[in-house]
Amino acid sequence: MVKKAIAAGILAGLVLFALVQHFYKTEEPQAIEASKATTGIGAGMVAPTFTLKNLAGEEVSLKDYRGKKVMLNFWATWCPPCKEEMPAMEQFYKENSKEVEILAVNLDPQNNVKSFVKDNELTFPILLDQDGTTQQTYSIISIPTTFIINEQGLILKKHIGSMTFEQMQELMK
1 MVKKAIAAGI LAGLVLFALV QHFYKTEEPQ AIEASKATTG IGAGMVAPTF
51 TLKNLAGEEV SLKDYRGKKV MLNFWATWCP PCKEEMPAME QFYKENSKEV
101 EILAVNLDPQ NNVKSFVKDN ELTFPILLDQ DGTTQQTYSI ISIPTTFIIN
151 EQGLILKKHI GSMTFEQMQE LMK
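Counting from 1, one number per residue, gives the positions in the sequence shown under the UniProt record's numbering.
Now the structure itself:
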């Protein structure tokens, strides 16, 4: 008898919880402003805009690429997994640059990035995060880290670690 009363009480509590959840449900926003995130940046958020200089010293802004998909990659010249994925990124860029732009944000501009780019025959845009502000804005803890941003500026996916050419193709679907 006591067991039945306990079971009935638990069941009633679960039903009450479900009803409260149903009637007081708030709608989730379509996108979260990433600059207001407290636990890092990820899928579903608006990509924070930034302006950085490229290797030629010209300013490049993320907002200049609205209307085009962007693969935003954070990397460094000393990083073995970053070095490992660069040939795949170059191949991906050569085959997909009409549909997707790659912006590779270098986090160690004090090193000879120009030499690294030349030695690896990279043709996609390399941006220099001189003061680490963009790295902080995007909450980059581990590199390489890549964000896929859609034509409207929303982050679709986040990938931590190096990628193969095939993984890049899959990530862009």
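Virtual Cβ for every residue (Gly too), placed ideally from N, Cα, C.
Looking at the DSSP output, Glu101 shares a beta bridge with Val70. For Glu59, the uninterrupted beta strand (DSSP E) segment begins and ends at Glu59 to Ser61. The Cβ neighbour count for Glu101, taken over all protein chains shown within 10 Å, is at least 16; the residue is labelled buried. Looking at the backbone, the Cα of Lys118 and that of Met45 are separated by about 34 Å. When only Cα atoms are considered, Glu170 and Met1 end up about 58 Å apart.
The alpha-carbon of Gly40 is positioned some 19 Å away from that of Val70.
With contact defined as three or more Cβ pairs closer than 8 Å, the segment 56-76 and the segment 126-140 are in contact. Here Lys83 carries a helix assignment [DSSP, helix/strand/coil].
Counting only residues of its own chain and dropping the five nearest sequence neighbours on each side, Ala47 has a CB closer than 6 Å to the CB of Ile149, Gly153 and Ile155. Fully contained in the segment 87-165 are the following alpha helix (DSSP H) runs of length 4 or more, in chain order: 113-119 and 133-137.
Straight-line measurement puts the Cα of Ala56 at about 28 Å from the Cα of Lys158. Segment contact: the segment 50-65 against the segment 83-96, fewer than three CB-CB distances shorter than 8 Å; contact not assigned.
Residue pairing by DSSP places Trp78 in no beta bridge whatsoever. Shown here for Leu122: same chain residues with a beta carbon closer than 6 Å to its own, the five before and five after excluded, namely Glu90 in chain order. Straight-line measurement puts the Cα of Val105 at about 5 Å from the Cα of Leu127. Annotation for Lys53: the continuous beta strand (DSSP E) segment containing it runs Thr51 to Asn54.
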